[in-house]
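For the sequence shown, full-length UniProt numbering begins at 1 and goes up steadily by one. The C-beta atom is built at its ideal place from N, Cα and C for all residues, glycine as well. Quick caveat, the model's predicted, so the values are computed rather than measured. Here is the structure we will look at.
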Amino acid sequence: MNNLHGDQWLESLKSKLPEKGRGEIIIIGDGDSTHVPIDRGDIERMIRRQKRHAAMRGWLYKGVAAVACAGLVAFTLGTFDKYIHQVVESAKYQALAEKRQAAVEALDLYSQFTADIVAEHAQSLETQVDVLGTDMQTVEESIDSILGTGGMISARSASADVLNQHVPQTSLESLQRIRSIEEFMAKLPARVPMAASHMTSGFGMREHPVSGHLLPHRGIDLVSWDEPAILAGGPGRVTFAEADGSSGKMVIIDHGAGVESYYLHMARIDVEVGDTVAAGDVIGLMGDTGQTDGGHLHYEIRVAGRHLDPAKVLEVIGDVE
Ligand SMILES: [Zn+2]
1 MNNLHGDQWL ESLKSKLPEK GRGEIIIIGD GDSTHVPIDR GDIERMIRRQ
51 KRHAAMRGWL YKGVAAVACA GLVAFTLGTF DKYIHQVVES AKYQALAEKR
101 QAAVEALDLY SQFTADIVAE HAQSLETQVD VLGTDMQTVE ESIDSILGTG
151 GMISARSASA DVLNQHVPQT SLESLQRIRS IEEFMAKLPA RVPMAASHMT
201 SGFGMREHPV SGHLLPHRGI DLVSWDEPAI LAGGPGRVTF AEADGSSGKM
251 VIIDHGAGVE SYYLHMARID VEVGDTVAAG DVIGLMGDTG QTDGGHLHYE
301 IRVAGRHLDP AKVLEVIGDV E
């Protein structure tokens, strides 16, 4: 692929996408990137729009190609990714720096092409945040706690400068939200904490099995008699590992960003406070210590002390086996 002009370039990009379903574009910021799903239909819409604009502004084709080459905003897909990096490092790229103005103007148009896609992706992720029973404020506070504030794109690099000036504010906000949600979801424990387990009690209001009172059940109960080893739901650090009254033998894992998982009523604890665990590491055995009506694992996920429904977390982000 030597010629990166106009719709040829978009056609070439289209050919890299799967015929059915979505691929993704990677929008490169300063030191990080955002992944946005895209399909062939999206590219076809871009080509149609590009043709309409090109009728009015003949330089557009060159400009879009210049943007792609300059790597200000790069479409990357599989081997195309490698190609872009080669281009960015080439002498041709240096020469293209002079065409910055054309690139800037093309970027304005390009950002219109992608704004819809970015907004749609942000919206679908926000729907997942709703499904999890949390909200964007919690997600953003949680992520700020590990990343610090200051936004996705630093003002220091030339490319970030161009992005800040020419990408519509709404798209930057969408990209910021996408990044926060993706970072947040990456912190949530994605693994089922017992192999071959089934859920005997879900999250929400229920009659307490021992006292009979109507009380909120702040986790889920899992039973696995065949494989009763309890596994860490995600990577993290053990912050609690001992018996605690009605909770029985309990382990708490801190996953960062205010996300914790709780494992109650264990028969045996195999970790100590301060241990670092990977997702799926054995942390103990299912049991019936504390106040229970029989052997089970009571499993909770908390974000800044607020309880999420672990079944929803597993449904939205889980490694379903
Ligand atoms: Zn329970």
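Query raised in the report: If we ignore side chains and look at the alpha-carbon of each, how far apart do residue 141 and residue 267 end up?
Result: 36 angstroms
Report task. Report yes or no: do three or more beta-carbon pairs, one from the segment 118–134 and one from the segment 305–315, lie closer than 8 angstroms? Result -> yes
Query - residue 232 vs residue 278 beta-carbon contact at 8 angstroms - result: yes
Query raised in the report: If you drop the 5 nearest sequence neighbours on each side, which residues of the same chain put their C-beta closer than 6 angstroms to that of residue 302?
Result: 260
Query raised in the report: CB of residue 201 to nearest heavy atom of ligand 1: below 7 angstroms?
Result: It does: the Cβ of residue 201 is within 7 angstroms (strictly closer) of some heavy atom of ligand 1.
**Report entry** Contact belief for residue 317 with residue 190 at Cβ below 8 angstroms, rounded distance in angstroms
**Finding:** 5 angstroms
Query - Whole-angstrom distance between residue 23 and residue 198, CA atom to CA atom - result: Going by C-alpha positions, residue 198 is about 34 angstroms away from residue 23.
Query raised in the report: Is residue 17 near residue 39, with beta carbons less than 8 angstroms apart?
Result: yes
**Report entry** Endpoints, the beta strand (DSSP E) within which residue 183 is located
**Finding:** It is not in any beta strand (DSSP E) - residue 183 instead sits in the alpha helix (DSSP H) that spans 169–187.
Query - residue 235 to residue 47 span [Cα, whole Å] - result: Roughly 43 angstroms separates the two Cα atoms.
Requested in this report: State the DSSP-derived secondary structure class of residue 314, mapped to helix, strand or coil.
Outcome: Helix.
**Report entry** For residue 296, the residue or residues it bridges with in DSSP
**Finding:** According to DSSP, residue 296 bridges with 287.
Query raised in the report: Do you know how far the Cα of residue 192 is from the Cα of residue 314?
Result: 7 angstroms
Query raised in the report: Any idea which residues DSSP pairs residue 254 with across the strands?
Result: 237, 260
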